[in-house]
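The structure appears below as structure tokens.
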Amino acid sequence: MRSGDPPALLVDLYELSMAQGYFDEGLFGRATFELSIRSLPPERNYLVAAGLDDALAWLEGMRSKADDLDYLRTLERFTDGFLQYLGSLRFDGEAHAIPEGDIVFAGEPLLRVTGPLPAAQLAETYLINQVHFQTMAASKAARVVQSARGRPVIDFGLRRAHGTDAGLKASRSQYLAGAVATSNVLAGRTFGIPVAGTMAHSYVSAHTTELEAFRAFTRSYPDTVLLIDTYDPREGARNVVRLARELGDDFAVAGVRIDSADLAPNVEAVRELLDDGELRAVQIFVSGGLDEHAIERLLDAGIRCDGFGVGTKMGTSADAPSLDAIYKLVEYEGRGTAKMSDGMSTIPGPKQVFRRSQQGLYESDVLGRADEELEGQRLLVPVMREGRRLAGDFADLEAARERCRAALGQLPERLYELKPARPAYEVIISPGLRAEAGRFRRNHCR
11 MRSGDPPALL VDLYELSMAQ GYFDEGLFGR ATFELSIRSL PPERNYLVAA
61 GLDDALAWLE GMRSKADDLD YLRTLERFTD GFLQYLGSLR FDGEAHAIPE
111 GDIVFAGEPL LRVTGPLPAA QLAETYLINQ VHFQTMAASK AARVVQSARG
161 RPVIDFGLRR AHGTDAGLKA SRSQYLAGAV ATSNVLAGRT FGIPVAGTMA
211 HSYVSAHTTE LEAFRAFTRS YPDTVLLIDT YDPREGARNV VRLARELGDD
261 FAVAGVRIDS ADLAPNVEAV RELLDDGELR AVQIFVSGGL DEHAIERLLD
311 AGIRCDGFGV GTKMGTSADA PSLDAIYKLV EYEGRGTAKM SDGMSTIPGP
361 KQVFRRSQQG LYESDVLGRA DEELEGQRLL VPVMREGRRL AGDFADLEAA
411 RERCRAALGQ LPERLYELKP ARPAYEVIIS PGLRAEAGRF RRNHCR
């Protein structure tokens, strides 16, 4: 289930201007575009593919409504003939993609779109927007989840997300990458993600004492997680012990949460107080400015906590808030095309990614021509034909979550590091693709 159909005008102006040009010239032939990430951010050793569901929804639902066309007329940039054509334009082509949840690397096409040139061109802005952001969010979340070493991670990022759509899509991407739940209720309803959350400091502050607040809240939610650091986490833990003695067999509190800056000493003190109060079954969750580096430091220090609530830094991918995503024309009417600018060159022709494994671990990827037969698993699979998505679980959230879990388990151990891996994962360009690029360069650089 998706959050809603995107408006047709969620597009950069130059896409429409180019489409007008194609219309004027009669360029309606079959075009192939590929969406890839040009380079990895400095601290990323891999990416997690996400956003395909929204990409396919846009392609499947491409249409301009009457009021869209009315607005475009006011710009006085487009002819009546073109606007009439735009009103009837649909994407009737095909798409291949790396399924959501799979691991990808720089230079590999995550999505390959083939259709009439104007339609495939107009898809650029929205496809980059959705695949880029969700891949970025899933990749960050995968690092956070891995740093937690099997402890649950809950998404707390909605309130500081960069807008409502970003907050919704980040929650989906983070669940895809292994987060166990989200505080985002709309994401829970929209995508079927488990939701989690109990109280804020304001609830405690609204009561005369902390213990009174705990008493009141557990009357409503007996098996809750109590936030114990509104005043002092040690005293908060003592109040939980007092509550347990008051309630006796009716005490059912599942855990406590500490949302403080100096977590390590507080957690250890709270754990001892709970254990001394015979509350060994009460778990400790921590939150507050966490990311993968903070979690790693806490666990390396031996902190005895049972789970993490991670918000802003995961939801916004604070250390790498963007990816160098590109959507480039690689073939028109059977003729390979490429960009050859220094540092931003592309390789002509439709491509396939072949993943080679050894002893259950990924060894290297080979970027080859789409029509090549090379060793390894073909990563790009058909996902759309004649403008309609094909049957399959390539964009199903639960399937993507399991795919991500399995793929992360097949990464070489060095790629789990939070610092750049040495050596980096190898992506090899096949001899056939190199030859194709060489021919193109010889023909166009003279």
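The opening position of the sequence shown corresponds to residue 11 in the numbering used here, with each subsequent residue numbered one higher. Note that beta-carbon positions come from the ideal geometry of N, C-alpha and C, so glycine has one too.
Let me see if you follow: with CB-CB separation under 8 Å, is residue i close to chain D or not?
i, result
"residue 273", "The displayed structure is made up of one protein chain only, and chain D is not part of it."
Consult DSSP for residue i and reduce its assignment to one of helix, strand or coil.
i, result
"residue 13", "Here residue 13 scores only 46 on pLDDT, less than 50, and its place in the model is too uncertain to base an answer on."
"residue 82", "helix"
"residue 406", "coil"
"residue 62", "helix"
"residue 25", "helix"
"residue 439", "strand"
"residue 342", "strand"
"residue 126", "strand"
"residue 420", "coil"
"residue 170", "helix"
"residue 39", "coil"
"residue 238", "coil"
"residue 399", "strand"
"residue 87", "coil"
"residue 454", "helix"
"residue 120", "strand"
"residue 138", "helix"
"residue 99", "coil"
"residue 425", "helix"
"residue 57", "strand"
"residue 20", "coil"
"residue 383", "coil"
Where do the N-terminal and C-terminal ends of the alpha helix (DSSP H) with residue i fall, by residue?
i, result
"residue 297", "That residue, residue 297, is in no alpha helix (DSSP H); its beta strand (DSSP E) goes 293-297."
"residue 280", "273-286"
"residue 179", "174-186"
"residue 214", "211-215"
"residue 305", "302-310"
"residue 196", "195-201"
"residue 246", "243-257"
"residue 325", "322-325"
"residue 220", "220-230"
In the DSSP assignment, what are the bridge partners of residue i?
i, result
"residue 131", "Residue 131 pairs with nothing; no bridge assigned."
"residue 362", "378"
"residue 372", "367"
"residue 337", "45"
"residue 192", "165 and 205"
"residue 388", "364"
"residue 318", "163 and 296"
"residue 114", "57"
What residue does the beta strand (DSSP E) around residue i start on, and which one ends it?
i, result
"residue 106", "104-107"
"residue 392", "391-395"
"residue 267", "265-268"
"residue 353", "Where residue 353 is concerned, there is no enclosing beta strand (DSSP E), given that its DSSP letter is neither H nor E."
Can you tell me the Cβ-Cβ gap for residue i and residue j, rounded? I've got them flagged as a contact below 8 Å.
i, j, result
"residue 298", "residue 270", "6 Å"
"residue 40", "residue 125", "7 Å"
"residue 105", "residue 394", "4 Å"
"residue 69", "residue 101", "5 Å"
"residue 20", "residue 120", "Their Cβ separation, rounded to whole angstroms, is 20 Å, which puts residue 20 and residue 120 out of contact at 8 Å."
"residue 325", "residue 180", "5 Å"
The region 138-149 touching the region 45-61, judged by at least three CB pairs closer than 8 Å: yes
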